Amino acid sequence: MRSRAPMSTPTLPAPSLPAPPRRWLWWTMLVALIAVAQTWLVWLTMDFQASRQQQRVDAITAELAAQLRHRLFIDTQRLAALADSRQSPADWRREAASLLLSQRELLRVERRDASLNIVSALDNPLHKPLFSVLPRDQLDFATQSACGAARRAGEPQYSQSYFVPLGNGLGEEVMDLCAAQVTNAHLTGYLVGSISLGALLESVESPELARNHEISFVEGDGTRIVRTGSPHGAGVFVADRVVGVPGHSLQLHVDSASGRPGVIPNLSTALVLGLSLLLFGVALVLAHDMRRRSRAERALGESLAFRKAMEDSVLAGLRARDMQGRVTFANQAFCDMVGYAPSQLLGRGEERYWPEPAVAGERVGSQGQETEFVSSSGRRFPVMLHESPLLDAEGRQTGWICTALDLSAQRRIEDMSRRQQERLQATARLATVGEMASLLSHELNQPLAAISSFATGSINLMNDALARTEPALLLQAMERIAEQSERAGRIIRSVQDFVRRREHERLPIGADLLVEAILPLVRMQARRSAARVEVHMAQPVPRVLCDRTMIEQVLINLARNGIQAMAPCPQGPEPLLRIEARPLGAGLVEFAVVDRGPGVPDEVRAQIFTPFFTTREEGMGLGLSLCRTVIEQHGGSLDFDNLRDADGRVVGARFRFTLPVAQRGRAAPPAGEELHA
Ligand code: ADP
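Taken in order, the sequence shown gives residues 1308 to 1984; the numbers are from the working numbering.
Right under this line is the structure:
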């Protein structure tokens, strides 16, 4: 038997206890909180990015508007300078050509008289001539009204923009700048410059801007007049600015190519999202782990409580010690048994309660060992110990675990039962003698009658002796008296011996001595039934280990039963009782008492050993049950069978019992091959 360390604990199925109420509520709240926090974080990140994007577009628009204003201001200045009427036509043309080359958005310059008739015009050599498809006079309305405004204002004015077709579906959105030429407070003419709005936008945009934004001029209703920049705007991050110029104002519209920040491609959002998911995952794992832990803790708690209850309620003492012999555990029953508190036992050797220092701390073994403990009060008491190795989870031995059973109560019961047995046997012996009382009186009568007659004879002889002396006869008579007295005394002693014998030691004794001791009583009975008694003793005489008194009583009971069984059939065969003893092998000696009676009937067979079962009127029914108890106490067995002749008729009964052979010592002197009555 092996035990698991630290203590073999019963394995209980993990109890499926209900989860504490409202725990699910906490979990739902936690999950909702994490979801809200996560959504909020993502929204914040996206909102922050959107507002930054918008700010950038706003800043770009403001910057572009400023640049446009500056560009148009320079254009205004340069055209105003060119409007000087004092220049010769050749100078004017030269300067105008130079201006057209430097200001690329300027597509055409015209010199007009006071009636707005074109005097001289010069197209930008880098651009297709503006009015090659439609003649100038068809597209002159806006210009003329700007010139009128310029004349009234006394400073250059811009016209409304208008579309100039250039063929093949192409064209140019153009805005004219008109400056009045005044000489000595007289209007002498006008200078008109046509500015391409597309070229104007291209002159201020950088490649970087053009890559990411759509830049355009729009009308008041949002209609795009002209646009630049490679992509189309996404319409999400837009900004508008009014670029005010004399006589007119342009609305600048900047539209970022990037749309709303996406949830997944956005790196920071992805990071936040990932972290949140990670957090959520960790929370889930933690929750799972916590559930498992709490379940395991509950199961462990149950298991520990079960173990504690078991340790406390078990009646046997439990004690564990380590490989060095120090006590590592003692249950309540053990502490109660030896009368020490656990603290007085733990960590110490076992000498406190184990009086035999030679044995204390030694291995006891799982087979069990009986020894004596001494309690704290000094009381010595018998205990039965069983010990087995204590193994840890890896199967390594860490010590020993031992159960200790207090045998005091058991011993007391055994003593009591033994005393009762003795009393019962003494009673049974008295009953046997009571039964034999008449027999005894008959037996004693014989020597007493002989003594009496010899005494009378002696008196007569002594009277005669006064006449003539016959000393030899007198001596003989006296000797007979002495013999008969001795015989009577022997009979009485044998009865006394049988009744009073008290010693109950098991000693080696020759089987012949046992038989001889009972022979006088047996013969006495046999004589009454006119039965013969034979003794068959094996040679060499076997010796047995037994309580002599008890075994003699068994033999007397069996012999008496045999003689009684033969009594009722006088016309049967000659009554013969045979007492045998022989070695049986296997350390046993067999005794047999054989009679020639009617045998044991079948109806009696089953109950023959039941106490108080008898078929005889004067019987008590205790004889055989006592015999069997005695023989079994000696480690032997008692049984019986009927003897049959060749025709199968029952010719007698044989009662047999075995006793352990006495191993040592010598057999008693042989009592003869056969003893006959
Ligand atoms: P008791 O002798 O007082 O009757 P026992 O226990 O000795 O009590 O015997 C019980 C019964 O067993 C007897 O009454 C008898 O019927 C039967 N018995 C015992 N010995 C023999 C025998 N040798 N032959 C036949 N019957 C027997």
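Beta carbons are placed, not taken as given, at the ideal position from N, Cα and C, and that holds for glycine.
Predicted model only: the values in this text are computed from it and were never measured.
Query, Result
"Same chain, Cβ closer than 7 Å to Arg1458, neighbours up to 5 away in sequence not counted", "Ala1487, Leu1494"
"Any non-hydrogen atom of ligand 1 within 8 Å of Ser1760 CB", "no"
"Inter-residue spacing [alpha-carbon to alpha-carbon] between Val1579 and Ser1537", "34 Å"
"Assumed close pair Ser1503, Glu1412 - CB separation to whole angstroms, cut-off 8 Å", "5 Å"
"Reduced DSSP secondary structure (H/G/I, E/B, other) of Glu1479", "strand"
"Sheet register partners of Pro1538 (DSSP bridge)", "The partner list for Pro1538 (beta bridge, DSSP) is empty, contrary to what the question assumes."
"Beta carbon proximity, Leu1498 to chain B, threshold 9 Å", "The structure shown contains no chain B; it holds only a single protein chain."
"Per-residue DSSP class, three states only, for Phe1448", "helix"
"Distance CB(Val1681)-CB(Leu1652) smaller than 9 Å", "no"
"Unbroken stretches of the alpha helix (DSSP H), 4 residues or longer, contained in the stretch 1643-1708", "1649-1652"
"The beta strand (DSSP E) enclosing Pro1815, as first and last residue numbers", "1813-1817"
"For Asp1562 and Asn1431, the rounded distance between their alpha carbons", "31 Å"
"Segment contact, 8 Å Cβ cut-off, at least three pairs: the stretch 1603-1613 with the stretch 1354-1365", "no"
"Beta carbon of Arg1531 nearer than 9 Å to that of Ala1564", "no"
"Rounded straight-line distance, which links the Cα of Pro1514 to that of Val1549", "23 Å"
"Heavy atom of ligand 1 within 8 Å of Val1907 beta-carbon", "yes"
"As assigned by DSSP and simplified to three states, the class of Phe1947", "strand"
"Buried versus exposed, by CB contacts within 10 Å (16 or more), Met1723", "exposed"
"Reduced DSSP category for Ala1975 - H, G, I as helix; E, B as strand; rest coil", "Low local confidence applies: a pLDDT of 39 at Ala1975 is under 50, so the model's placement there is unreliable, with the coordinate-based value given in what follows. Coil."
"Span separating the alpha-carbon of Gly1476 from that of Phe1470", "12 Å"
"Proximity below 9 Å, CB of Ile1788 to CB of Ala1762", "yes"
"Asp1902 CB to nearest heavy atom of ligand 1 below 8 Å", "yes"
"Same chain only: Cβ atoms within 6 Å of Gln1345, ignoring 5 sequence neighbours per side", "Ser1583"
"Continuous beta strand (DSSP E) stretch holding Ser1563: start and end", "1555-1563"
"Buried/exposed call for Ile1816, threshold 16 Cβ in 10 Å", "buried"
"Phe1964 and Val1901 closer than 9 Å at C-beta", "no"
"Glu1512 vs Leu1371 beta-carbon contact at 9 Å", "yes"
"Cβ pair count under 8 Å reaching 3, the stretch 1860-1873 against the stretch 1901-1920", "yes"
"Where Pro1849 falls, given that 16 or more other Cβ within 10 Å makes a residue buried", "buried"
"Rounded separation between Arg1889 and Gly1930 - CA only", "23 Å"
"Short Cβ contact (9 Å threshold) for Arg1628 with Glu1658", "no"
"Beta-ladder partner(s) of Asp1420, from DSSP", "Gly1496"
"Spatial distance of Glu1812 from Asp1854 (CA atoms)", "5 Å"
"Pair within 9 Å by beta-carbon distance, Thr1678 and Pro1689", "yes"
"Val1911 beta carbon near ligand 2 (any heavy atom closer than 8 Å)", "Judged by which ligands are present, ligand 2 is missing from the structure shown, whose ligands are ligand 1."
"According to DSSP, residues forming a beta bridge with Phe1470", "Glu1480"
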